[in-house]
Structure formats: structure tokens, C-alpha cells
Ligand code: NOJ
Ligand code: CA
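Residue numbers (my numbering): 3 to 538.
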């Protein structure tokens, strides 16, 4: 039987950080109408789905990741009518919409928490994780917040401590309370009923904590942040998470073609994989790939491992960028040179799995560098200067050379990168050799070739440390991807033993590209080649 084509499996997903994509009412903050205005651009880029970072009401202690109401849209982004219009307009263009669900914690301004802190007997008293102080008045256990300081905050009114794995404005929900769990599952149904195509689950493996809240064991050695000094065995990844995912998957499966992808917290690739299956999540994120150094060997190893963890039981996905990490352009490339970014894009869009792109990645936006006073992110504000936080990768989208990069007509919430007059969508759309045009043509090729969007992956030992080489194949076609990670030219002899003829189908859009003479492929520095076998 021919497998049904699943949009999330074969497509490309594009993450939008709504604050920074397009502002339409001159408040310096992106909005839903702005996203609607840019849907034609996204359709032209060739994406299949959008993951929207949180758009529910939030006091912005952590910019949307502290939700004060799960059932509506933050007025700074628009309203439910705007959201319906976004869904409709996106769907018209074949673009699916994923919401970001932040269900580990709420905002401290959420009505539930406001009630919960009033007394030990109110109807919401057990919706959060409250504990008495230790006999000496200190916190109930040794857990630390990922964003600094203890994970416990004393609340004078209630006379108890509450748990927060992130900022103190993000109290953790008590998922062990059946009412909380039921309320959480209702949030899925509510948005599915509105027609959303799926969800990205924020730090889902932290939802359940050890029932006895036991101390985490201390790790030997010195660590920069207290949070890193402990083995996180009791605050995350508890077995109760599995039945919760199974319930979520049942809800998802009651609607056609829906998708749920999870962000694991503090989990290695193998552990992240345990949450993915036919009755758990459809997919999960892998950090080993995103954190690889720029080398054929390192990326090859991460891909091989993540791919083999999935086998043919599940479908991997890959990201190089998100709203929590310095941009890959800033990590791997010089300020003005995009050659390495094209090489990474070629890998990212041709490995087996769903590629995630992060707004601006397609034009090689670089991180902004900010002064202490300009910081917004609670992480940077706390840890400056040794950790400058996550604002760098959240700057406004660079659309054109107008003031504020065409993102807004007023002062923007974070500064626009100073390179915007040169590096922007309008310029790159007009330049045949741009990174944007590279992405567009490769996404189009990926869509056209089943081997690239649906085939299995086999690593090929290139016998050359500078090259990453792999095959993608379906029963109908085989393709070969050859990527040169070095700044020198490299030659590669094609594997003629299995097929005797290859067509070079994609070499990028640089003036000098890879070329083939008989069975030898010559690749320029950071060059690439995608070939199609003529043998069936
Ligand atoms: C992970 C999100 O990606 C991050 O942005 C957020 O700060 C934390 N979870 C807390 O919700
Ligand atoms: Ca706005």
C-alpha cells in the first residue's frame, strides 16, 4: 500500500517568533496581521507549516512562555478573529499552523495561580506545587531554577513555597492533580476544534516531578551555574509522562492529519527518542545536531545516530536554529560570507527528516549584539555578561532597506540588526546568487524528488574527512548528496559500482560550483552536489 503523504513528514516547518516577524500597527511588536501579510512570501519560499511561538496572553516575564490565559490571543498580537483569519489564509496556501503549548507552568498572573496563592483551601489550592518550608525555613528541597537561583519562591500570603523550574513568574503546574491534567487536555481540544494543525510542546518532559520531590544528587566538579551542579533525575523525565502523552495522542488522532512535536528538556538524543512513537509524539527535537561543530564528521555522526534511533519506526526532524540559541549564521559563518550557510542548508534540507527553519535563517540574519540596558530576556539580564541571553536571535525580521527594516514604522521592541540595509529579503529576492534563492530552489527540488522528502538515508564513507556524503533512496529513485565542509577544493570519486551513471541535479547558485568529469566530482570550498542516479 502506498503510504499516505503526511504534510509534516515530507514538508518544511518554519518557526515564527511573532514579536519579531511583522508589525502592522506601529507598536514595534509583530502581530498576527503581520504574519497574514507575509504568507505569500512564505508560500513562495515553499514551506508547509508554521510553528508560532506562543501568542496567548502573557505578561512577558519570558515573552509568551508565561501564559496567563490558554483560551485566547494576546491583544498585542490581535484577537481570535485575526487568528481564525490567519488559519484560513494559511490553509488556502497549503500552510499548516502549529501552536506552541506551554503547559509546564503558567504565568504568576494566571487566574489559577492568583487563586491558588490565596489560601491552602481554595478550589485551586493544589493546582501548583506548594510545600512547607524545611524546619530551618529554607526551601523544601535542593532543586534549582534553570534560569538562576533556587526553584522555590516563598509566598507570604500562603505561607508556603511554590516551585518554578524557570523564572519565579512561571510557577509550575501540578500535573498530578487530575483537575489540572483534565484542564490541560482540554486546551488541546480547544485549539484543535479551532482548526490548528498541531502543537509544539514546551519542555513537556518536565510536567511531572518526583512524587516525593526528592533532592537531586549533586554532581562532582565545579559548574558555572548551580543548576548544572545536579543530576536532574527527580525534577524531569518521570515515568508518568508516558501515559500523559498517550492521552494527548489519542486526542490528536481523533482529528485528521494533526501533528505534535515535543521539546525535551535536559534529555540526550536517546532519551528524547523514547517519547516518539505511534501512540506518543510524532516527533521530537535533537540537540546533538544543532550543537555540532562545523565539520563533516561531527554532523555526520549526529545525523547517523539520530537517524538510526528512528529507523523506520519514526520520522526524525532537525533544527539548526530556534528562539533559544544563537543563530547558526553567528555560530558557524563570518559576518558577510554565506558559503557555509548554503552548505548547511543543503544538508539540512536533504537529510531524512522534517527540517525546521527559524525566521530569517533563509536570509542569513545574524544575531544582534546588545548592551546590558537593551536586554529583554530574563536569562541575559540575570547572567550578563557571561551569558548574554537569547535576545540576539530574536531581532526583527529584515524585510527591506526602509527604516526599521520594513518590520515596523516605529521603534522596535529589540533593535534591528545594523546590517539590515544590505541583508534583507528584498535585496536577496533580487540577487540570483543569494542565500534566499538558494533556499527556494532547494526547497523546490526537495518537494519534487521523493528520495529527498521521503527516502531512507544511508551514510557513505567518503574516505575524506572534509566530505559528508549520503544516499537518499526510495524504491523508485536514488540520490546522492556530497557536501564539502572544508575551505579547500575537494574531489570525490562517485560510487560507480552500484550505478553507472549519475546526473548532477543541484550544485547551488555560486558563480563557481561543483562539476563532474566521468566519475570524479570536484567541489569548490564549501561546495556541494546533489546527484540523481539514472539506474533504477
Ligand atoms: C523552552 C522555551 O523554548 C524557552 O524559550 C522558554 O524560556 C522555556 N522553555 C520556559 O518555558
Ligand atoms: Ca504590532
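Virtual Cβ for every residue (Gly too), placed ideally from N, Cα, C.
Span of the beta strand (DSSP E) around residue i
{"i": "residue 440", "result": "No beta strand (DSSP E) contains residue 440, which is instead part of the alpha helix (DSSP H) from 437–450."}
{"i": "residue 530", "result": "530–535"}
{"i": "residue 349", "result": "Unbroken run through residue 349 is the alpha helix (DSSP H), 341–350; no beta strand (DSSP E)."}
{"i": "residue 262", "result": "261–264"}
{"i": "residue 486", "result": "480–486"}
{"i": "residue 46", "result": "Unbroken run through residue 46 is the alpha helix (DSSP H), 41–47; no beta strand (DSSP E)."}
{"i": "residue 319", "result": "319–321"}
{"i": "residue 494", "result": "492–495"}
{"i": "residue 105", "result": "First-last for residue 105: undefined, no H or E at that position."}
{"i": "residue 21", "result": "Neither: residue 21 is in no beta strand (DSSP E) and is coded neither H nor E."}
{"i": "residue 399", "result": "Where residue 399 is concerned, there is no enclosing beta strand (DSSP E), given that its DSSP letter is neither H nor E."}
{"i": "residue 473", "result": "469–475"}
{"i": "residue 458", "result": "458–462"}
{"i": "residue 507", "result": "504–508"}
{"i": "residue 522", "result": "522–525"}
Start-to-end residues for the alpha helix (DSSP H) that takes in residue i
{"i": "residue 306", "result": "298–312"}
{"i": "residue 118", "result": "113–118"}
{"i": "residue 567", "result": "The structure shown does not extend to residue 567, since the chain is modelled only from 3 to 538, so the question has no answer here."}
{"i": "residue 517", "result": "Not the alpha helix (DSSP H): residue 517 falls in the beta strand (DSSP E), residues 517–519."}
{"i": "residue 85", "result": "82–94"}
{"i": "residue 275", "result": "271–275"}
{"i": "residue 11", "result": "9–12"}
{"i": "residue 427", "result": "427–432"}
{"i": "residue 422", "result": "Taken as a continuous stretch (DSSP letters only), residue 422 belongs to no alpha helix (DSSP H), as it is neither H nor E."}
{"i": "residue 289", "result": "289–292"}
Heavy atom of ligand 1 within 7 Å of residue i beta-carbon
{"i": "residue 265", "result": "yes"}
TODO: Determine contact between the stretch 234–251 and the stretch 195–210, defined as no fewer than three beta-carbon pairs at a distance below 8 Å.
DONE: Counting C-beta pairs closer than 8 Å gives three or more between the stretch 234–251 and the stretch 195–210, which meets the contact rule.
TODO: Quick one: which unbroken beta strand (DSSP E) runs of 3-plus residues sit fully inside the stretch 127–177? Chain order, please.
DONE: 154–157, 162–165
Task: Contiguous beta strand (DSSP E) assignments of at least 3 residues, all confined to the stretch 174–242 - done: List check, beta strand (DSSP E) in window: 200–203.
TODO: Assess, as a yes-or-no matter, whether the stretch 55–74 is touched by the stretch 19–34 under the definition of 3 or more beta carbon pairs within less than 8 Å.
DONE: yes
Open item on the list: Can you confirm whether the stretch 118–137 touches the stretch 83–99 when touching is taken to mean that 3 or more C-beta pairs between the two stretches lie within less than 8 Å?
Closed with: no
- [ ] Please list, following the chain, all residues that have a C-beta closer than 5 Å to any non-hydrogen atom of ligand 2.
- [x] 25, 27, 29, 31, 33
Open item on the list: With a threshold of 8 Å, are at least 3 pairs of Cβ atoms found where one atom belongs to the stretch 404–413 and the other to the stretch 373–388?
Closed with: no
TODO: Spell out a yes or no on whether the stretch 188–195 and the stretch 154–172 are touching, meaning 3 or more CB-CB pairs, one atom from each, closer than 8 Å.
DONE: no
Task: Pocket of ligand 1 (residues with CB nearer than 5 Å to any heavy atom), chain order - done: 64, 67, 168, 204, 205, 326
Open item on the list: I'd like to know if the stretch 451–467 and the stretch 492–499 are in contact, where contact means that at least 3 CB-CB pairs between them fall below 8 Å.
Closed with: yes
TODO: Kindly confirm or deny that the stretch 34–54 and the stretch 331–344 touch, where touching means at least three C-beta pairs closer than 8 Å.
DONE: no
Task: Touching by the beta-carbon criterion (3+ pairs, under 8 Å), the stretch 320–336 and the stretch 344–357 - done: yes
TODO: Pick out the complete alpha helix (DSSP H) segments inside the stretch 351–390, 4 residues or longer, and give them in chain order.
DONE: List check, alpha helix (DSSP H) in window: 380–385.
Task: the stretch 103–115 in contact with the stretch 163–177 per 3-pair CB rule at 8 Å - done: yes
Open item on the list: I want to know whether the stretch 272–283 touches the stretch 300–319 - three or more CB-CB distances under 8 Å.
Closed with: Short answer: they touch.
Task: Every unbroken beta strand (DSSP E) within the stretch 47–80, with a cutoff of 3 residues, ordered by chain - done: 51–54
Task: Given 8 Å, three or more beta-carbon pairs between the stretch 43–63 and the stretch 94–101 - done: yes
- [ ] Flag this pair as touching only if the stretch 502–520 and the stretch 430–444 have three or more C-beta atom pairs under 8 Å; answer yes or no.
- [x] yes
Task: At least 3 beta-carbon pairs within less than 8 Å: the stretch 222–233 vs the stretch 141–154 - done: yes
Open item on the list: Would the stretch 414–421 count as touching the stretch 442–460 if we require 3 or more Cβ pairs under 8 Å?
Closed with: no
TODO: Could you say if the stretch 473–480 and the stretch 444–455 meet the contact criterion of at least three C-beta pairs nearer than 8 Å?
DONE: yes
Open item on the list: For the pair the stretch 259–270 and the stretch 285–299, tell me if three or more CB-CB distances fall below 8 Å.
Closed with: A contact exists between the stretch 259–270 and the stretch 285–299.
Task: Cβ contact (3+ pairs, closer than 8 Å) linking the stretch 293–303 and the stretch 356–364 - done: no
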